[in-house]
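The listed protein sequences derive, respectively, from chains A and B. Take the first sequence: its position 51, counting from 1, is numbered 51 in the UniProt record's numbering, and each next residue is one higher. Take the second sequence: its position 114, counting from 1, is numbered 114 in the UniProt record's numbering, and each next residue is one higher. A short write-up of the structure that comes next.
Protein chains: 2
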Amino acid sequence: MTPPEPFRALEHIQSLPSWLVGRVAAHGRSLVAAAVAEEGLKLPHLAVLAAVSEYGPVAQADLVRRLSIDAKDLVGLLNHLESAGLLVRAPDPRDRRKNAVTVTPQGTHTLRRCAELAERANEDLLSPLDDTERGQLIALLTRLHQT
Amino acid sequence: MTPPEPFRALEHIQSLPSWLVGRVAAHGRSLVAAAVAEEGLKLPHLAVLAAVSEYGPVAQADLVRRLSIDAKDLVGLLNHLESAGLLVRAPDPRDRRKNAVTVTPQGTHTLRRCAELAERANEDLLSPLDDTERGQLIALLTRLHQT
DNA sequence: GGATTTCATTGGGATGTCCAACGATTACCG
DNA sequence: CGGTAATCGTTGGACATCCCAATGAAATCC
């Protein structure tokens, strides 16, 4: 008498595209995190520093909105980045509630290094694919992301 | 006098495949999580329940190894699932250190519902793509995952 | 049969995410 | 105007996740 066939639920879950893309994303994340750690930054710090660099003098509330990050967590990240000399908080003369956050030259330098490192990590991530396939993948992911 | 051109670091980061795949993964994860929440389960609970279903009566240490989950956290997840009546912990007569974890009929039923819901969520995730494109995406992601 | 390993559980620390509240400042509007 | 509402940066705390360590009970190794 054979036992009732169990429901292969884990196999089923792990065959779903959402699971697959999650695994690949985790791999890519860990590669980039390891690369960026060479410059002493973690991924959230890098994201904040990059946003500050891109949006010039910017209020913290703007960073919260642009990065969809929690305001409390941003304070800690900015404290760390500021004490590392990568950015500066200055009072905004036009609105004294706001802090004008600006990247320092050292911050820009770190950012450029991290950009190279992150690109190299992405090279590793995509190394199983040739150029055509990489283009396909990026195109498909872009469509999933934009819509 | 134009200000020095800022380094568009955020734009650069967000153009990397690792960032793109991370966003798509986050979207898929939230879709599946929302779907599965209809059955009162969170994703870690579902993963554990599915593994228990798949591997029949299984010791907790085996689940720890198969799911790469922390043993401490597994205890909490099993407590929740057991008090919800979805699985049962029984002493293993052949090794009295072990707990034989087994899915209940109610657990199997919940699992089947979750499988449907997760499939529908994946349908939503992939809705911008046609069948050919979905196959391409899965094939590309599979190669990135397997190597 | 004594030393080592495995098992389930508990505890604690470090981190990431989210929500609520606060004092200070600005914007709105009657 | 003037008072209410909204926004700003900050702090506190609730949770979940992840890592390491230790426990008593039970099995395995030699």
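Note that the Cβ used here is the ideal one computed from N, Cα and C, for glycine as well.
Residue pairing by DSSP places residue 58(B) opposite 101(B) in a beta bridge.
Straight through space, the alpha carbons of residue 114(B) and residue 9(A) are spaced by roughly 9 Å. Residue 33(B) sits in a helix when the DSSP states are folded into three classes.
Annotation for residue 84(B): no alpha helix (DSSP H) segment contains it, and DSSP assigns it neither H nor E. Rounded to whole angstroms, the separation of the alpha carbons of residue 77(A) and residue 67(A) is 13 Å.
Under the DSSP assignment, residue 92(B) falls outside any alpha helix (DSSP H); it carries neither an H nor an E label. Between the region 40-50 of chain B and the region 76-91 of chain B there are three or more C-beta pairs closer than 8 Å, enough to call the two in contact.
Residue 32(B) reaches chain A at 16, 18, counting residues in chain order whose Cβ is nearer than 8 Å. By the rule that beta-carbons nearer than 7 Å mark a contact, residue 78(A) does not touch chain B. When the five nearest sequence neighbours on each side are left out, the beta carbons in the same chain lying within less than 7 Å of the beta carbon of residue 64(B) are those of 71, 74, in order along the chain. A distance below 7 Å separates the beta carbons of residue 32(A) and residue 121(A).
Remark: fewer than three beta-carbon pairs, one from each stretch, lie closer than 8 Å, so the region 102-113 of chain B and the region 6-25 of chain B are not flagged as touching. Put simply, the CB of residue 36(A) is far from chain B, with every gap to its CB atoms at 7 Å or more. A residue is called buried once 16 or more other Cβ atoms fall within 10 Å of its Cβ, and residue 118(A) is buried on that count.
In terms of Cβ geometry, residue 110(B) and residue 87(B) do not form a close pair [threshold 7 Å]. Close to residue 22(A), with beta-carbon spacing below 7 Å, are these residues of chain B in chain order: 25, 28, 29.
Rounded to whole angstroms, the separation of the alpha carbons of residue 106(B) and residue 53(B) is 11 Å. Excluding the 5 residues flanking it on each side, residue 13(A) has same chain C-beta neighbours closer than 8 Å at 19, in chain order. In the three-state reduction of the DSSP assignment, residue 112(B) falls in the helix class. Contact between residue 129(A) and residue 141(A) fails: their C-beta atoms lie close to 12 Å from each other, not under 8 Å. Residue-level contact check: residue 145(B) touches chain A, since one or more beta carbons of chain A fall below 7 Å from its beta carbon. Residues of chain A with a Cβ closer than 7 Å to the Cβ of residue 133(B) are, in chain order, 140. With respect to the 7 Å criterion, residue 134(B) and residue 144(B) are not classified as neighbours on the basis of their beta carbons. Nearest C-alpha to residue 147(B) among 146(A), 30(A), 124(A), 58(A): 124(A). Within chain A, the C-beta atoms nearer than 7 Å to that of residue 136(B) come from 136, 140, in chain order. Measuring C-alpha to C-alpha distances from residue 95(A) to each of 108(A), 61(A), 116(A) identifies 61(A) as the nearest.
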